[in-house]
Amino acid sequence: MEKLINKAAVLMEALPYIQKFKDEVFVIKFGGSAMEDEDLITQTMRDIVLLECIGVHPVVVHGGGKAITARLKELNIETRFVNGLRFTCEKTIDVVDDVLHNVINKTLVNAVVEQGGKGQRISGKDVLKAEKTYSIAPDGTKSDVGFVGNIVSVDTQLIMAMAKSDIIPVIAPLGLGEDGQVFNINADTAACEIAEALKAKKLVFLSDVPGILRDTKDEKSIISTIKVSEVDSMIKEGVISGGMIPKIRSCLHAIEAGAEKVHMVDGRVRHSLLLEIFTDSGIGTEIVR
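In structure tokens:
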């Protein structure tokens, strides 16, 4: 009986959050090792279907770096990164396009359907207009990285038409230039830009880290809440460093556009998405105004 009472208590803890987030848009970026584990994919998509069932409008943006690297290796195409951006030549962009849309995107949508949801495959080429970008080193040096792009605009009407029809859009981070050129878009950046354009209530990153750590060697040193005003000082202190800096900067833009909070959660933990959003304590890091 005690176990049943505890289960009821968990549901009651979630109630005010369920009421608060009804009809709100959540953008969820799914990436990291969790995407290589069939059970975690199933679990995560089930959690996302649950969000849709209780009235939230989830929009999924996924990564795929490890799968792309593996495919390139099979094809004997060199993998090279310039300041954290994958150098994307003509052969590479074809592989990126195929793996993201025809493999990963398809797998995630199938998982949504298997959990009783309605998912829709979306290539970013259909909703993201992009332009060529360059890699900028810390010293200001600009490097060509091939067909890597920045998002210029987002077709919010198409995405929201699906979301409002109880369909979960699953978006591959690709963009299309004015001349029809396909661009590889950083998935974190794509999630932030899409959240900003949709004026999402929440932006959630599911990845391989438990959150932002005070001490990178101690996973128990999670910083539960970071205020926007604290970010610059944390960068100067080195608490936020390396590849996390541009991600956090993008998150700030999403908050400035109206997102209430940005969450960074360990996607390897079962139900981490629900635990972060529907419990009082959460389990990751939230960035707030």
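In the numbering used here, the protein residues as written are 76 to 364. All C-beta atoms, glycine included, are put in the ideal place defined by N, C-alpha and C.
The DSSP-derived three-state label of Lys166 is helix.
Taking the C-beta atoms as reference points, Ala142 is found no nearer than 7 Å to Phe353. Scanning Ile315, Glu331, Asp283 and Pro244 for the CA closest to the CA of Asp290 turns up Ile315. Counting C-beta atoms within 10 angstroms of its own C-beta, Arg364 has fewer than 16 neighbours from the protein chains shown and is therefore classed as exposed. In the three-state DSSP reduction, Gln232 falls in the helix class (H, G or I). A distance below 7 Å separates the beta carbons of Lys207 and Gly224.
Under the three-state reduction of DSSP output, Ala266 falls in the helix class. Here DSSP, grouped into helix, strand and coil, assigns Pro91 to helix.
The three-state reading of DSSP puts His132 in strand, counting E and B together. Annotated three-state conformation of Lys193 is coil, per DSSP.
Between the region 112-130 and the region 147-156, the count of Cβ pairs shorter than 8 Å is below three; the stretches do not touch. The DSSP-derived three-state label of Val257 is strand. Rounded to the nearest whole angstrom, the C-alpha separation of Ser325 and Ala84 is 36 Å.
Residue nearest to Val188 within the set Val124, Val100 and Lys166 is Val124 (criterion: CA-CA distance).
In the structure shown, Leu147 falls within a helical segment according to DSSP collapsed to helix, strand and coil. Secondary-structure assignment with DSSP links Val245 through a beta bridge to Val135 and Arg196.
Spatial neighbours of Ala272 in its own chain (CB-CB distance under 7 Å, excluding positions within 5 residues in sequence) are listed in chain order as Val229 and Thr231. A residue is called buried once 16 or more other Cβ atoms fall within 10 Å of its Cβ, and Ile129, having fewer, is exposed.
Listed in chain order, the non-local C-beta contacts of Met319 below 8 Å within the same chain comprise Ile287, local neighbours out to five positions each way being set aside. Remark: C-beta atoms of His132 and Val178 do not approach each other more closely than 7 Å. Scanning its chain for C-beta atoms nearer than 6 Å, with the 5 sequence neighbours on each side dropped, one finds around Met237 the residues Gln195 and Pro244, in chain order. Minimum Cα-Cα distance from Gly255 among the listed residues Glu268, Ile211 and Ala205 corresponds to Ala205.
According to DSSP, residue pairing for Val184 in a beta bridge does not occur. In the assembly as shown, Lys336 is a buried residue. Its beta-carbon has 16 or more other beta-carbons within 10 Å. Annotation: Ala334 to Val303 spans about 12 Å, alpha carbon to alpha carbon.
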